[in-house]
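One structure is given here, and the rest of the page talks about it.
Numbering (the working numbering), first residue to last: 13 to 178.
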């Protein structure tokens with residue numbers, strides 16, 4: 013593993029060594045069933061984006077992904093979970109197939125309550141950190157499918173900081 017860049021290469025069955033990117037950049041092709049990042053890399057990427065120690069990042073990952081799972085279909089949650097590290101897959105487990113409608117204010121309130129953070133701005137920053145890391149960890153097709161199930165106002169969490177409209 014190259015020092016400092018958080019990437020590593022694996023053979024993908026074609027003889028190529030695709031790189032995968034944890035913190036931005038281009039997504040790599042990878043073998044079916046293999047995740048792009050491991051648990052520690054995912055947690056560290058969220059921590060960097062959120063400005064938190066990795067030990068505290070686990071709380072916001074759980075709060076955000078649990079809230080997200082309630083807002084997308086069970087099938088989408090399962091498909092998304094297949095491309096994420098083992099440690100975070102459980103947050104996306106759902107028994108119900110249908111998503112619960114929820115606007116941005118309610119989404120942020122749920123994340124804030126579950127994570128135990130102070131206000132909606134902080135919960136928005138943390139949710140953005142998690143969703144940006146999810147975007148980098150899954151295939152472009154999977155992320156596009158996820159986005160298609162999110163209400164338009166919740167999609168704001170995918171925009172750069174400073175553009176949130178509540």
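By construction, the Cβ of each residue, glycine as well, lies at the ideal position given by its N, Cα and C atoms.
Residue range of the unbroken alpha helix (DSSP H) whose run includes residue i
i: residue 134; result: 132-149
i: residue 111; result: Careful: residue 111 lies outside any alpha helix (DSSP H) and carries neither H nor E.
i: residue 4; result: Outside the displayed span of the chain (13 to 178) sits residue 4, for which this structure offers no information.
i: residue 58; result: 51-62
i: residue 158; result: 152-161
i: residue 98; result: 98-101
Coarse secondary structure for residue i, derived from DSSP in three states
i: residue 119; result: helix
i: residue 39; result: Only weak support exists for where residue 39 lies, its pLDDT of 43 falling under 50; the value from the coordinates is given anyway. Three-state result, residue 39: coil.
i: residue 83; result: helix
i: residue 68; result: helix
i: residue 129; result: coil
i: residue 16; result: At residue 16 the pLDDT is 39, less than 50, meaning the model places this residue with poor confidence; the figure from the coordinates comes in the next sentence. In the structure shown, residue 16 sits in coil (DSSP, three-state: anything other than H, G, I, E or B).
i: residue 124; result: helix
i: residue 44; result: Note that residue 44 has pLDDT 47, beneath the 50 cutoff, so the model's placement of it is unreliable and the number below is only indicative. Looking at residue 44 - three-state DSSP - the assignment turns out to be coil, as it is neither helix nor strand.
Best match in the options for proximity to residue i [C-alpha to C-alpha]
i: residue 99; options: 133, 77, 112, 161; result: 77
i: residue 86; options: 120, 123, 101; result: 101
i: residue 151; options: 92, 126, 56; result: 92
i: residue 163; options: 118, 53, 109; result: 118
i: residue 127; options: 168, 72, 136, 109; result: 72
i: residue 141; options: 53, 49, 57; result: 57
i: residue 158; options: 50, 79, 88, 130; result: 88
i: residue 161; options: 138, 82, 122; result: 82
i: residue 148; options: 74, 95, 90; result: 95
i: residue 169; options: 153, 66, 134; result: 134
i: residue 171; options: 156, 153, 143, 154; result: 143
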